[in-house]
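These notes are about the structure you will find just below.
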Amino acid sequence: MYLYQGRLVFDIVTAVGEKSEEAAMKNDAHENLTNELFKELQAFIEAKGYQVLSIGVDLENCGKADQAQLKALEESEKDGNAKVKRIYNKANITSHTIQIIE
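Written out as structure tokens, the structure is:
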């Protein structure tokens with residue numbers, strides 16, 4: 013058996029409200045990227061047979077968002093929430109078997 017090592021890349025973007033301090037805006041951008049989220053992502057990846065050696069994120073300010081970008085983010089969030097519900101509903105489905113004895 014051979015090991016393959018590399019990177020799984022997600023290019024992500026979010027929008028935050030304007031603040032006077034860049035550090036405060038950067039904190040807002042990272043706010044939803046919690047340890048719990050990283051553990052969930054790690055679990056999904058590991059369940060497919062991959063070992064996660066590290067996980068992290070560093071977002072940088074790319075400038076002011078236009079209306080099209082904000083609309084795309086809103087649609088992405090809406091679609092993502094629907095997908096998450098389907099994933100968690102799949103995990104919560106239980107099946108019952110009834111055996112009839114004659």
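Using the working numbering, read the sequence shown as starting at 13 and increasing by one per residue. Every residue gets a Cβ at the ideal spot worked out from N, C-alpha and C, and that includes glycine.
- For the options Tyr62, Leu49, Glu86, Phe22, the alpha carbon positioned closest to that of valine 28 is the one of Glu86.
- If only uninterrupted alpha helix (DSSP H) runs of at least 4 residues are considered, none is enclosed by the segment 48 to 83.
- For asparagine 47 and phenylalanine 56, the gap between their C-alpha atoms comes out near 14 Å.
- Between the beta-carbon of valine 21 and that of leucine 45 there is about 15 Å, and that puts the pair past the 8 Å contact cut.
- Leucine 71 is a Cβ neighbour of alanine 41, given a cutoff of 7 Å.
- Distance from the CA of isoleucine 67 to the CA of phenylalanine 50, rounded to the nearest whole angstrom, comes to 7 Å.
- Cβ contact annotation for leucine 82 (same chain, cutoff 8 Å, sequence separation greater than five): Ala27, in chain order.
- Rounded to the nearest whole angstrom, the CA to CA distance from tyrosine 62 to alanine 36 is 35 Å.
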